[in-house]
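Quick notes on the structure that follows.
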Amino acid sequence: MIHIITTGGTIEGLDYDTENKQTQENKISIEEFFKSANVSFSYSIENVLNKDSRFITDDDRRLLVDKIKATSARKIILTHGTFTMEDTAKYIGKLNLKKTIVLVGSFVLGTSNGTDAPFNLGYALCSVQFLKPDVYVAMNGTIFHWGNVKKNLETNKFEQR
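Each step along the sequence shown adds one to the number in numbering that gives the first Met the number 0, with nothing skipped, and position 127 is 126.
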């Protein structure tokens, strides 16, 4: 069983309008991605937050940790916006929860043509099944350990620290 915890972000169609300083929703569910991919593994989905990751706080991270601890699943996917994904990965990684936790998001809005969301989600789902217990970021075909990842704002990609 893979437990998916969702927090919002670009992967789910949350778009932050920087000019008007408000979040615009054009929602797609993770369930829709799974249905279109015709997946055959056992999973559960828990919607915990619906936030642009710029606004995720340590209180939100504590809530996520509580949800991770509460599930009996040993393999967890955490969908997350890319702006603070590395911060959340580090926050959770330092706790040594003895579960395999993979954070994933997208750079292109999940509801847009040409989005990287389905690829990234599929890559994370494959990865979580084979990685040892720890916290990782899975983005654009690369796995990063929580202690060695940063987002490069110039290239709009994640890379090793």
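We treat Cβ as the ideally placed atom computed from N, Cα and C, and that holds for glycine.
Given the structure is predicted, the values throughout are model-derived calculations rather than measurements.
Could you tell me if residue i is buried or exposed, where buried requires 16 or more neighbouring beta carbons within 10 angstroms of its beta carbon?
i: L120; result: buried
i: S158; result: Contrary to the premise, residue 158 reads as Glu rather than Ser in this sequence. With fewer than 16 other Cβ atoms within 10 Å, it is exposed.
i: T87; result: buried
i: F118; result: exposed
i: S52; result: buried
i: M138; result: buried
i: K50; result: buried
i: G113; result: exposed
i: R61; result: exposed
i: K68; result: exposed
i: K74; result: buried
Given this structure, state the Cα-to-Cα distance separating residue i from residue j, to the nearest angstrom.
i: I100; j: V134; result: 5 Å
i: T83; j: L130; result: 23 Å
i: T78; j: I10; result: 7 Å
i: D58; j: E31; result: 29 Å
i: S43; j: L124; result: 12 Å
i: L102; j: E153; result: 21 Å
i: L111; j: G104; result: The sequence shown places Ser at residue 111, rather than the Leu named in the question. Approximately 14 Å, taken between the alpha carbons.
i: K34; j: S28; result: 10 Å
i: K150; j: I142; result: 13 Å
i: R160; j: M0; result: 32 Å
i: K156; j: G109; result: 17 Å
i: A72; j: F54; result: 27 Å
Can you give me the Cβ contacts of residue i inside the same chain, cut-off strictly under 7 Å, excluding the 5 residues immediately before and after it?
i: K66; result: I4, E45, V47
i: Y122; result: A137, G140
i: D115; result: S105, F106, V107, N139
Just to check my reading of the structure: residue i and residue j have Cβ atoms closer than 8 Å, yes? What is that Cβ distance to the nearest angstrom?
i: G80; j: G8; result: 3 Å
i: E85; j: V127; result: 18 Å between Cβ atoms; not a contact.
i: T70; j: H2; result: 5 Å
Within a Cβ cutoff of 6 Å, which residues of the same chain sit near residue i, ignoring the five residues on either side of it in sequence?
i: K89; result: W145
i: P132; result: K97, K98, T99
Keeping to the same chain, check which residues put their C-beta closer than 8 Å to that of residue i; ignore five residues upstream and five downstream.
i: L63; result: I4, T6, V47, L48, L77, T87, I91
Three CB pairs or more closer than 8 Å across the region 90-107 and the region 32-41 = no
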